[in-house]
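To convert, take the position in the first sequence, counting from 1, and add 1; that gives our numbering. Backbone N, C-alpha and C fix where the C-beta goes; we use that ideal spot for every residue, glycine too. As structure tokens, the structure follows; a few thoughts come after it.
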Amino acid sequence: MNKERVIFHIDVNNAFLSWTAVKMLKEGSPIDIRNIPSIIGGDESLRHGIVLAKSPIAKKYGIKTAETIYSARKKCKNLKVYPPDHHYYHEMSNKLMKYLSNYSPLLEQLSVDECFLDMSNTNYLYDNLIDLAYKIKDEIYTKYGFTVNIGIANNKLCAKMASDFEKPNKVHTLYNDEIETKMWVLPVNDLFMVGKKTAEKLEMLGINTIGDLAKCDISFLKKHFKSFGQLLWEYANGIDNSPVINIEEANKCISVSETFEVDVDNINRLRNTLLEQVEKVTKALRKEQMYAKTVAVTIKTYDFKNLSKQIKLDNATDITEEIYKNILNLFENFWDGTKIRNLGVRLSNFTDRCDRQLSLFEQYDEKDHNVQKIIDSVNDKYGKNTVMKAALLNKNDPNIS
DNA sequence: TCTGGGGTCCTAGGACCC
DNA sequence: TCTGGGGTCCTAGGACCC
């Protein structure tokens, strides 16, 4: 007999806001920002002004994640805005994951504030998994001071949907025999992977609830959504066989990008930004002991158009200089002088070895590689860019050549 | 005082090969 | 001589997630 799986999905309630609240209380703040109309938001003077997290009261005012702080303030006059502290968030995240891994060896981290636990083969350890979920939830609160929601189901999709039911500080189940009563009644945009565009399209087709979607003909959905239609139908029916994977799967890409405080068309400024970004991503790449074959430049123009240009290299590499050379080349042949709002670099198509075939005329030193590693460790110790290759610096200094 | 940043996956279309 | 069709690889762009 095929035994049913049992999956937990643990999700920190308003993670950034809760974690900042915990930190403030620890530092003696008289107020708990979870109990007032408040948000975590980026710096507006740097044009990072969007809502990253909101308190339940802010939510009641209709404030949504990712909307502009400007618009959030219009909805709530006495809204309090606090800056994010990503360093602290990662600390809290690590503590939480470490604690949760005590309950099952199969833990898959989805993002900084949520994960799956596969509890399928733990019944010899725990009598009642729902009681256990309550115990975990309460223990997290007493140990760390923030609340979580826990969703319990027979697969990952339903566990995730369950943890999204009523918040905060709740445990919910969405077992296979509860899908119809608990999930089909929800509006279709509550389904995982149904965003704004898809919801609009579905509603135009007369599909308003998850139940409507579940009862649709697959071929009808495939006609309108291609292979995504199949996925939509499966999710609406609570079907998901993907396993909980606990090995840290290597990233498929590494990227950085930066929104400038004003739109930029100064070539030196842009070159310097690209250099800093290449240093960042190649350093991350070396840390993973990977080599990238594809490099890309990404641009958001002053009028919010997204553009990208990528190229596949002949040989995978992790050398800053080599990647920078290619990035700069791509950028300069592609950019038409339009003012740029956001500029970025992306590496992808990784291999775990440097599979270059050394041509007779190509110089590649093992030395280069070792020098790079030493530079990384010096910069780690004394701050970024303490050591940088002179050739790279000069190329970008408007005062030279 | 208007719109972040880091990811994944899918698709269309072009180039190229046989 | 008057233009098929399948397969693969690559790029650009878009939708979605947190």
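Measure the Cβ-Cβ separation of residue i and residue j and say whether it is below 8 Å.
i    : j    : result
K253 : T302 : no
I151 : K138 : yes
K294 : N350 : yes
L130 : V7   : yes
K310 : L331 : yes
I64  : G50  : no
A237 : L214 : yes
D241 : K183 : no
L18  : S56  : yes
T283 : A317 : no
L233 : T210 : no
R347 : A285 : no
Y325 : V372 : no
K161 : F193 : yes
Using CA atoms only, rank isn't needed, just tell me which of the options is closest to residue i.
i    : options                   : result
L206 : F226, D319 and L18        : F226
F147 : V13, H49 and S258         : V13
H10  : D304, K288, T174 and L18  : T174
G239 : C159, L203, I131 and C77  : C159
R35  : T21, E28, G29 and V379    : T21
K75  : Y90, A59 and Y89          : A59
L53  : E280, K27, Y100 and P84   : P84
D44  : H91, K374, E28 and D86    : D86
R342 : L133, K326 and L271       : L271
M291 : E250, L275, Y176 and D128 : E250
I376 : R354, N327, L344 and I320 : I320
M338 : E322, V265 and L329       : Looking at the sequence shown, residue 338 is not Met but Gly. Closest option to G338, Cα to Cα, is V265.
D119 : L329, R354, N247 and N170 : N247
Enumerate in chain order the residues of its own chain whose CB-to-CB distance from residue i is below 6 Å, with the five nearest sequence positions on each side excluded.
i    : result
A16  : D114
L361 : Bear in mind that the predicted position of L361 carries a pLDDT of just 47, short of 50, making it too unreliable to give a figure here.
E167 : none
E68  : V52
E5   : N155
H91  : none
Y135 : V172
Quick one: residues in its chain with C-beta nearer than 7 Å to the C-beta of residue i, no 5 flanking neighbours on either side, listed in chain order?
i    : result
L47  : E262
M2   : Because M2 carries a pLDDT of 47, less than 50, the predicted location of this residue cannot be relied on, and the following value inherits that uncertainty. Answer for M2: no residue qualifies.
S102 : L108
T260 : R48, H49, R342 and N343
M25  : I34
Can you list, in chain order, the residues of its chain with a C-beta nearer than 8 Å to that of residue i? Leave out the 5 residues immediately preceding and following it.
i    : result
E181 : G212
K313 : K294, T295 and N350
K81  : I34, I37, P38, S39 and I40
K78  : none
Name, in chain order, the residues that DSSP records as bridge partners for residue i.
i    : result
P188 : T210
T295 : K313 and S349
V13  : V149
I8   : D119 and A154
Check your understanding: Can you list the alpha helix (DSSP H) stretches of 4 or more residues lying completely in the segment 102 to 182, in chain order?
Key -> Listed in chain order, the complete alpha helix (DSSP H) runs (minimum 4 residues) inside the segment 102 to 182 are 130 to 145 and 157 to 164.
**Study point:** Residue ranges of each alpha helix (DSSP H) within the segment 297 to 358, 4 or longer
**Key:** Within the segment 297 to 358, the alpha helix (DSSP H) runs of at least 4 residues that lie entirely inside it are, in chain order, 321 to 335.
Exercise for review: Counting only runs of 3+ residues fully inside the segment 23 to 99, write out the beta strand (DSSP E) ranges in chain order.
Suggested key: If only uninterrupted beta strand (DSSP E) runs of at least 3 residues are considered, those enclosed by the segment 23 to 99 are 39 to 42, 52 to 55 and 81 to 83.
Exercise for review: Run through the segment 245 to 281 for me and flag every whole beta strand (DSSP E) of 3 or more residues, listed as ranges in chain order.
Suggested key: When DSSP assignments are scanned along the segment 245 to 281, the uninterrupted stretches of beta strand (DSSP E) that are 3 or more residues long and fall wholly within it turn out to be 254 to 265.
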